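In terms of full-length UniProt numbering, the sequence shown opens at residue 1 and continues consecutively. Positions of the beta carbon are idealized from the N, C-alpha and C atoms, including for glycine. Note that the structure is a prediction, hence the values are computed from the model and not measured.
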Amino acid sequence: MGQTLLIAPIPGVKQWEKTGLPEPTPPPLRTMTGRPSSKKRRKEIGEGTTGQVKRQKKSNKCGKCGQLGHSKRTYKNEPMPQEPKNKGGRPVEQSASAK
């Protein structure tokens, strides 16, 4: 009993008997539940190029000399003299004893 076939082989589709019934068809498509996915539309030739506004690139400003077009990493000249920066905030009032 060890080497005997337990499942009998069946003939392939080509050897099946022909019946007068129509061939089976796949089940009809159903709409799935949930939010429908957005359908992306292919643009026609030349459609996408008109009317698009491009974002302007921000130009480099040097931290040493303050000019546009390069950064302080690539600055080759001597550094410009720095003006003392105002700390900001509320100005200090002169007291009555100091006047």
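Separation of Gln56 and Cys62 (C-alpha to C-alpha, rounded to the nearest whole angstrom) is 19 Å.
Going by C-alpha positions, Cys65 is about 59 Å away from Gly34.
The three-state secondary structure of Lys18, taken from DSSP, is coil. C-alpha of Leu29 to C-alpha of Val53: approximately 42 Å in a straight line. A Cβ-Cβ distance of about 15 Å is found for the pair Asn77 and Leu68, leaving them out of contact under the 8 Å criterion. Distance from the CA of Tyr75 to the CA of Arg90, rounded to the nearest whole angstrom, comes to 36 Å. Between Asn86 and Arg73, the alpha-carbon positions lie close to 25 Å from each other. Distance from the CA of Trp16 to the CA of Lys40, rounded to the nearest whole angstrom, comes to 45 Å.
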